Amino acid sequence: MTTVTASEFQKNFGAFKEAAQREPVKITSNGRESVVLISASSYAEYEHFKKQKYAFGGETTEKFKKLLAERMDKHKHVLEGLAK
0 MTTVTASEFQ KNFGAFKEAA QREPVKITSN GRESVVLISA SSYAEYEHFK
50 KQKYAFGGET TEKFKKLLAE RMDKHKHVLE GLAK
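Note that numbering that gives the first Met the number 0 has the sequence shown beginning at 0, numbered continuously upward.
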């Protein structure tokens with residue numbers, strides 16, 4: 000995952016917008032994480048996942064666990080980057 004300061008992000012918005020198509024871009028402000036820029040397709044997938052969670056009525060069913068595991072495997076590199 001790319002990490003940049005807010006001022007660097009402002010100066011090079013176009014480059015970081017393109018980078019976000021490949022991987023999340025973490026933007027820091029005053030040395031702290033502030034925002035993460037992700038692609039529209041990643042955001043759509045996140046929204047879809049969020050809606051599915053509520054479609055299960057808030058219950059942690061086996062189907063939900065399976066879907067969660069599949070998504071986590073698919074985005075393992077992104078999740079590991081966020082965990083650092």
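Positions of the beta carbon are idealized from the N, C-alpha and C atoms, including for glycine.
Please read these numbers as outputs of a predicted model, since none were measured by experiment.
Would residue i and residue j be called neighbours here (beta carbons separated by less than 7 angstroms)?
i   : j   : result
T2  : K16 : no
A14 : L36 : no
Rank the options by C-alpha distance to the C-alpha of residue i and give the top, closest one.
i   : options            : result
F8  : T27, E22, M0, R21  : T27
R31 : M71, L66, F63, A5  : A5
V34 : S40, H47, P23      : P23
K64 : A39, F48, K83, A43 : F48
Specify the secondary structure class of residue i as computed by DSSP and reduced to three states.
i   : result
E32 : strand
K64 : helix
K25 : strand
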